[in-house]
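Novice: Pasting a structure below so you can have a look.
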Amino acid sequence: MQPKIEIAHILNQQQFWRESTQFLARQKYDLHAMTLCRTAKLGRHIDHCEKCKEVRISYNSCRNRNCPKCQATYREKWILKREEEVLDVPYFHTVFTVPHHLNFLFLKYPKEMYDLLFFAAWETIKTFGRVSLQGEMGMITVLHTWGQNLTLHPHLHCIIPGGALCNGKHWKCSDKTGKYLFPAKGLAKMFRAKLIQGIRKNELLRTILEGEVARNCFEKEWVVYAKRPFGGAKQIIQ
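Under this note's numbering, think of the first position of the sequence shown as 55, with each following residue one higher.
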């Protein structure tokens, strides 16, 4: 069933984003694609059923990776593939969050900052796995760029197996059965160090990380939220 109101309706009614300087060129491109999705402007195709002889004419999709209308099928396929990859072991859910005072970097240098966000989170989990479990970790990570109030709030949801692969052959289960796989405060400190180190090594970013911005990075608390282990494979992916 098609919803009464879609994102395209809102974008077409509220045109301010086209002239606004608060949107990046790429963001405007994505929003424009959503306004055209499944309209006559993108052309049409004809579906014909050889069995019942029904003919259906449909408008083409924009295929933009950020479009919620035409990416639903790809999302379901992604979920099915991830469910196939899930191991028969306990899983833990960890969320890496970036302090709000660094949001301006994500707006100005999105590619560099989001790459560093993934890098810092993975390096943190990988390091803890090698020290605590003497093995190699695994992780499925999903990026969220907004919070509950739909404002910019970059954070990563990480689905982590409760164990590690040792010597490339043997699986070693963690003895942690409580709230988290690794100490949340320890994860937060290492995550902060890895991300700041990455910023300082980047030519575009390192000159910005000084003065008050640098002080805030160390004075304000960085949050890594650890949830209790998931119930089963389907619940893990959902």
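Just so you know, even glycine gets a beta-carbon here, dropped at the ideal spot from N, CA and C.
#1: Please classify residue 143: is it buried, with 16 or more other beta-carbons within 10 angstroms of its beta-carbon, or exposed?
#2: Spatial neighbours of residue 296 within its chain, please: CB distance less than 7 Å, with the 5 preceding and 5 following residues excluded, ordered by chain position.
#3: Mapping DSSP to helix, strand and coil, what is residue 162?
#4: Which stretch, first to last residue, makes up the alpha helix (DSSP H) that contains residue 218?
#5: Grab me the residues of residue 251's own chain with a C-beta within less than 6 Å of its C-beta, minus the 5 sequence neighbours each way, in chain order.
#6: Any chance the stretch 112 to 121 sits against the stretch 74 to 94, with 3 or more Cβ pairs inside 8 Å?
#7: If I'm right that residue 148 touches residue 209 with Cβ under 8 Å, what's the distance once you round it to whole angstroms?
#8: Per DSSP, what kind of secondary structure is residue 173 in: helix, strand or coil?
#9: Judging by CA-CA distance, which residue of 228, 106, 291 is the nearest neighbour of residue 196?
#10: For residue 80, tell me which candidate among 104, 119, 107, 96 has the shortest Cα-Cα distance.
#11: Determine the closest residue to residue 172 out of 240, 248, 281, 136, with distance taken between C-alpha atoms.
#12: Within its chain, find whatever has a CB closer than 6 Å to the CB of residue 123; leave out the 5 residues flanking it on each side and keep chain order.
#13: Taking the CB atoms as reference points, tell me whether residue 153 and residue 276 lie closer together than 8 Å.
#14: Checking 8 Å against the spacing of the C-beta atoms, do residue 178 and residue 245 come in under that value?
#15: Can you tell which of 205, 175, 185 has the C-alpha that lies nearest to the C-alpha of residue 194?
#16: Would a C-beta distance cut-off of 8 Å place residue 278 and residue 218 closer than the cut-off?
#17: Could you tell me which of 62, 145, 223 sits nearest to residue 188, measuring between CA atoms?
#18: Quick one, which of 240, 126, 211 has its alpha-carbon nearest residue 281's?
Specialist: According to the structure data:
#1: Label assigned to residue 143: exposed.
#2: Here the chain comprises residues numbered 55 to 292, so residue 296 is not present and cannot be evaluated.
#3: In this structure, residue 162 counts as helix in the three-state DSSP scheme.
#4: Careful: residue 218 lies outside any alpha helix (DSSP H), inside the beta strand (DSSP E) at 217 to 220.
#5: none
#6: Yes, since at least three Cβ pairs between the stretch 112 to 121 and the stretch 74 to 94 fall closer than 8 Å, the two stretches touch.
#7: So it is not a contact: roughly 11 Å between Cβ atoms.
#8: helix
#9: 291
#10: The shortest Cα separation from residue 80 among 104, 119, 107, 96 belongs to 119.
#11: 248
#12: 91
#13: yes
#14: Cβ atoms of residue 178 and residue 245: closer than 8 Å.
#15: Of the candidates 205, 175, 185, the one whose C-alpha sits nearest the C-alpha of residue 194 is 175.
#16: no
#17: Closest by C-alpha distance to residue 188, out of 62, 145, 223, is 223.
#18: Nearest C-alpha to residue 281 among 240, 126, 211: 211.
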